[in-house]
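Notes to accompany the following structure.
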Amino acid sequence: MENVTVFNHPLIQHKISILRDKKTGTNEFRALVEEIAMLMGYEALRDLPLEDVEVETPIETCMTPMIAGKKLAVVPILRAGLGMVNGILALVPSAKIGHIGLYRDEVTHEPHEYYCKLPTPIDQRTIVVTDPMLATGGSAVAAVDFIKQHGGRTIKFMSIIAAPEGLERLHKAHPDVQIYVGHLDRCLNENAYICPGLGDAGDRIFGTK
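Note that the sequence shown covers residues 3 to 211 in the working numbering.
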């Protein structure tokens, strides 16, 4: 699929395998999510625009490239998406951070927005949406819908683990969004959990049940 990258880097695969292990505790799980986000971000941000600026080195003055334009915006889908933010900030400390909160209707299972705060001007920023799990794709599609409604144009979506169903749904709804996936898992089960997956990413990041 165009605009879809599924990583095969050994470091990412190794760290995801540790994430899957139910014996991996909260502290290690949280650190691994950050590390994986940073490794994925390194690749996802390879097309950031550059401009030459004048810098004085100890030897002479030169023109040298720096990231151009308005700062990057990282927009986690609450709450699990928060776990990936610091990994991207390690690469781009000047990035602005927005937040999108969604809740799922217990009857229809459709997502509804309860919170949306985006850095301005959002239309001039490269926006990275983070959510460790891309399961049904409902929340991801809704989050990108909201960002586009607020004027966002250049959008990337980063997920550590995805189900084929969710990846297809997001790509079909937003073919212009670049999607980055750490590992494409087998399927969703009848409860919409990714198999083999890693359980509830939010609970494992924040130590809740």
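Even for Gly, the Cβ is constructed at its ideal location relative to N, Cα and C. This structure is a prediction, so every number in the text was calculated from the model and none was measured.
Inter-residue spacing [alpha-carbon to alpha-carbon] between residue i and residue j
| i | j | result |
| --- | --- | --- |
| VAL57 | GLY71 | 18 Å |
| ARG106 | GLU170 | 20 Å |
| TYR213 | GLY153 | Past the edges of the chain, shown from 3 to 211, lies residue 213, and the structure says nothing about it. |
| MET40 | ILE102 | 21 Å |
| ALA46 | LYS24 | 28 Å |
| GLY89 | GLU36 | 4 Å |
| ALA77 | THR59 | With the sequence shown as reference, residue 77 is identified as Val, and Ala is not the correct amino acid for it. One C-alpha to the other measures close to 35 Å. |
| ASN5 | GLY209 | 34 Å |
| ASP125 | LYS73 | 11 Å |
| ASP147 | ALA75 | 16 Å |
| MET86 | TYR44 | 13 Å |
| GLU192 | ASP178 | 30 Å |
| LEU91 | ALA203 | 20 Å |
| HIS16 | ILE61 | 43 Å |
| VAL94 | CYS118 | 22 Å |
Contact under 8 Å by Cβ, residue i with residue j
| i | j | result |
| --- | --- | --- |
| ASP54 | THR63 | no |
| PHE159 | ALA144 | no |
| GLY184 | ILE38 | yes |
| LEU21 | LEU34 | yes |
| LEU50 | ILE79 | no |
| LEU120 | ILE162 | no |
| THR28 | TYR182 | no |
Rounded Cβ spacing between residue i and residue j (contact assumed at less than 8 Å)
| i | j | result |
| --- | --- | --- |
| THR156 | THR132 | Not confirmed; about 15 Å, so no contact. |
| ALA82 | MET135 | 7 Å |
| MET3 | HIS173 | 5 Å |
| PHE9 | ARG206 | Not confirmed; about 20 Å, so no contact. |
| ASP187 | GLY199 | 6 Å |
| ALA137 | LEU190 | 6 Å |
Where residue i falls: helix, strand or coil (DSSP)
| i | result |
| --- | --- |
| PRO166 | helix |
| ASP107 | coil |
| HIS101 | strand |
| TYR195 | coil |
| ALA137 | coil |
| GLY184 | strand |
| SER161 | strand |
| MET3 | coil |
| ASP49 | coil |
| ILE61 | coil |
| ASP54 | strand |
| ALA92 | helix |
| THR28 | helix |
| VAL130 | strand |
| GLU112 | coil |
| LYS17 | helix |
For the 8 Å Cβ check, are there 3 or more pairs between the segment 161-170 and the segment 112-130? no
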